[in-house]
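The structure appears right after this line, and notes come after that.
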Amino acid sequence: RGKNKLLEEVQASIPKNVSYIYIRQIETLGLGHAVLTARPVVGDNPFAVILADDLIDGQPGAMSQMIKTYNQRECSLVAVQDIPREETGSYGIVETKDSAQGNKKILNIIEKPHPHDAPSTLAAVGRYVLHPGIFDCLEGVQEGAGGEIQLTDAIAKLIETQPVHAFEFSGTRYDCGSKLGFLEASVAYGLKREGIGPQFHSYLRKMTK
Ligand code: G1P
C-alpha cells in the first residue's frame, strides 16, 4: 500500500535538516546523570534540555521563546512557573533577584524542598537552556534529593561562576507525569485537534451530563 496520511503526518513532524542521535542512560541515577550521559554528543556548545512529561502548549513554543532569549542574553535559562506552596516538594525551587532590565537572576536553587523551607514558590519546569559549563559542575555532583544525581545541584554550582536566569514562559503547562495532568493534556489537545475536536467535544458533553 502507498504511504498513508498518518505516516506522512508522523514523518512531517521531523524537519528535514534534523538528525537524531540516541544515547541510553543505562542506570536510572537521576536527571543530572542523564544530562551528563549526553556530554559526548553535546560537546562544548550550549544546549537545550526538554523533559517530555512537562508538556507546554505555547505560541511560539516555550523552547523557542527560550532560545530567542538565550541568544539575546547569552546566559543559561531555567523555565519557571509559580506553583502552590504545598507542592514545592515536587520541584526544583528557585530564589531570584529582579534586575533593572527585568531579568530574574537565580541566586539559589534547591531540589524538592519542604514547603516550610522553600525560598519561594517559583518552580523549575522541564525546560532548560544550559551553558556547557554545566557538565563540569555535574561531574562533581554527589547524590542529592531522592538519592539521585540532580541537575538542580549542578545549576546551584554553575551560578557560582556565571549568571543563570529564571525564565517565565508564556503558555500552558501540563504535568503529564501525573495521571490527572496526562488526562487534562489529552482532553485539551483533543478538543482543539483539527478533524476530531467538535466530535470529541460533544462526546465529552454526553459523558459529563
Ligand atoms: C525534575 C527536576 C526538578 C524539576 C522537575 C520539573 O524532577 O529534578 O527540579 O522541577 O523535573 O518537572 P522530577 O519531576 O523528575 O522528579
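Residues 127 to 335 in the working numbering are what the sequence shown lists, from first letter to last. From the three backbone atoms N, C-alpha and C, an ideal C-beta is built for every residue, glycine too.
Query: Other residues of its chain near T163: CB distance less than 7 Å, five sequence neighbours each side excluded; Result: I149 and Q151
Query: beta-carbon G321 near the ligand G1P non-hydrogen atom, thresh 8 Å; Result: no
Query: From Q137, V290 and I140, residue whose alpha carbon lies closest to that of S225; Result: V290
Query: Completely contained alpha helix (DSSP H) runs for the region 188-274, where each covers 4 or more residues; Result: 188-199 and 259-265
Query: Helix, strand or coil at T287 [DSSP, three-state]; Result: coil
Query: Pick from E212, K231, E213 and G215 that is closest to E221, judged by C-alpha positions; Result: K231
Query: Distance cut-off 8 Å: Y217 Cβ against heavy atoms of the ligand G1P; Result: yes
Query: Enclosing beta strand (DSSP E) for T298 [first to last residue]; Result: T298 to D301
Query: Entirely enclosed alpha helix (DSSP H) segments - the region 150-178, minimum 4 residues; Result: 157-163 and 165-168
Query: Closer than 8 Å: K78 CB and nearest the ligand G1P heavy atom; Result: Any answer about residue 78 is impossible in this case: the structure gives the chain only from 127 up to 335.
Query: Range covered by the alpha helix (DSSP H) that runs through R331; Result: G323 to T334
Query: Distance, V144 Cα to L133 Cα; Result: 18 Å
Query: I281 in three-state terms, based on DSSP; Result: helix
Query: Cβ-Cβ distance between D180 and G303 below 9 Å; Result: yes
Query: Alpha-carbon spacing of D301 relative to E294, whole angstroms; Result: 16 Å
Query: E237 classed as buried or exposed, judged by whether at least 16 other C-beta atoms fall within 10 angstroms; Result: buried
Query: N-terminal and C-terminal residue of the alpha helix (DSSP H) that E310 is part of; Result: K305 to L317
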